[in-house]
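First residue of the sequence shown: 1, per the UniProt record's numbering; consecutive thereafter. Cβ atoms here follow ideal geometry from the backbone N, Cα and C, with glycine treated the same way.
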Amino acid sequence: EAQRNKYDVILHVGDFAYDMDSHNALVGDEFMRQIQPVAAVVPYMTCPGNHEEKYNFSNYAARFTMPGRDSSLFYSFDLGPVHFVSISTEVYYYLHYGIKLICAQYNWLKKDLEKANLPENRSKRPWIVVFGHRPMYCDDCIDRNCDIERTRIGLNGLWPLEPFLKDYGVDVVIWAQNHLYERSFPLYDNKVYNGSTEYPYVNPGAPVHIITGSAGCWEEHSHFRNETAPWSAFRSIHYGYTRFEAHNKSHL
């Protein structure tokens, strides 16, 4: 599909190769060879996951050169009518590397979204899509995979990222981590902000969260809780990947 020009960009939302550093990084070498037919013809844009943490993300940084000024851990780019923002959820978890990156990413993200919301920029690129590895919300039955509070509400209330998503009109947030697919209704602070009962995604009051982590990891599928959360619109444990298209300024 990539070689038939079906896509303009690939987003790989963390966790590469399982793991890049395994067997003296030979697993990472093989992974890069296998994605070459795709990555050679379509921009292959990434963000780090927990499986890239070893050796201070050095294998990830050495293999993927992203357009960030200071780091490949967070950056943004424009494509057509969409402003894409890549963030690292991992800086909130591996605190032995210090909190400098948390502060840097937080301040950078605020400035980036402020700039994206300038009238002249939002008119050119009305859609804002943020992607990072660990989800803020999910219905996974394993609690440690779900509802990642550190990025959502911050460390002891410091550097929370979720308010930015609503305050700056982010449209879609793409996550991975869990080996499943789940799409939310427009969601903020555990509350649904549908545009209307009949058309929940038309002019909503909050971003839509999508988990797309079922591409085919050798580990088992994740499993959902028996009771569906009120904010969950659709969920699936089947293998797959997600495609989306920005049709115009009003349809994504």
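What's the C-alpha gap between R63 and A2? For the purposes of this step, residue 63 is identified with residue 63 of the sequence shown, where counting begins at 1. For the purposes of this step, residue 2 is identified with residue 2 of the sequence shown, where counting begins at 1. Their backbone Cα atoms lie some 20 Å apart in a straight line.
Helix, strand or coil for F224? Go by DSSP, reduced to three states. Reading the sequence shown from its first residue, position 224 is the one you call residue 224. Looking at F224 - three-state DSSP - the assignment turns out to be strand.
Determine, using beta carbons only, whether I174 and V13 come nearer to each other than 7 Å. Within the sequence shown, the letter at position 174 stands for residue 174. Within the sequence shown, the letter at position 13 stands for residue 13. Cβ atoms of I174 and V13: closer than 7 Å.
Where L180 and G49 are concerned, what is the direct C-alpha to C-alpha distance, given to the nearest angstrom? Your numbering for residue 180 matches position 180 in the sequence shown. Your numbering for residue 49 matches position 49 in the sequence shown. Taking the straight line joining both Cα atoms gives about 16 Å.
Would you report the Cα separation of I153 and V85, rounded to the nearest angstrom? As a working mapping, residue 153 is identified with position 153 in the sequence shown. As a working mapping, residue 85 is identified with position 85 in the sequence shown. Looking at the two C-alpha atoms, the distance is approximately 19 Å.
Sequence-distant residues of the same chain with beta carbon closer than 7 Å to E53, five excluded per side: One-based indexing of the sequence shown puts residue 53 at position 53. Excluding positions up to five away in sequence, the list reads E90 and Y94.
Local Cβ density within 10 Å of D8, reported as buried at 16 or more and exposed below that: Residue 8 sits at position 8 when you count from the first residue of the sequence shown. The residue is exposed, with fewer than 16 neighbouring Cβ atoms inside 10 Å.
Give me the residue from R33, E30, D15 and R122 with the minimum Cα distance to C47. Numbered from its first residue, the sequence shown carries residue 47 at position 47. Comparing Cα positions, the closest option is D15.
Relative to the C-alpha of M20, which residue among A40, Y60 and N5 is closest? Here residue 20 refers to the residue found at position 20 when the sequence shown is read from its first residue. It is Y60.
Which one or two residues does DSSP pair with V38 in a beta bridge? On the sequence shown, position 38 is the one that residue 38 refers to. In DSSP, V38 forms no bridge with anything.
Are three or more beta carbon pairs between the segment 223-242 and the segment 69-83 nearer than 8 Å? no
What does K191 pair with, by DSSP beta-bridge criteria? For the purposes of this step, residue 191 is taken as residue 191 along the sequence shown, with counting starting at 1. Answer by DSSP bridge pairing, in chain order: Y188.
Are K6 and P126 closer than 7 Å when you measure CB to CB? Taking the sequence shown and counting its residues from 1, the one referred to as residue 6 is at position 6. Taking the sequence shown and counting its residues from 1, the one referred to as residue 126 is at position 126. Not closer than 7 Å, so no.
Could you check whether the Cβ of N59 sits closer than 7 Å to any Cβ belonging to chain C? Protein chains in the displayed structure number just one, and chain C is not present.
Is L101 near the ligand FAD, in the sense that its beta carbon is under 6 Å from a heavy atom of that ligand? No copy of the ligand FAD appears in this structure; indeed no ligand is present at all.
Compare the beta carbon distance of H133 and Q177 with 7 Å and say whether it is the shorter of the two. Residue numbering aside, residue 133 sits at position 133 when the sequence shown is read from its first letter. Residue numbering aside, residue 177 sits at position 177 when the sequence shown is read from its first letter. Yes.
Quick one: give me the first and last residue of the alpha helix (DSSP H) that D112 is part of. Against the sequence shown, residue 112 aligns to sequence position 112. From DSSP, the alpha helix (DSSP H) with D112 extends over K100 to A116.
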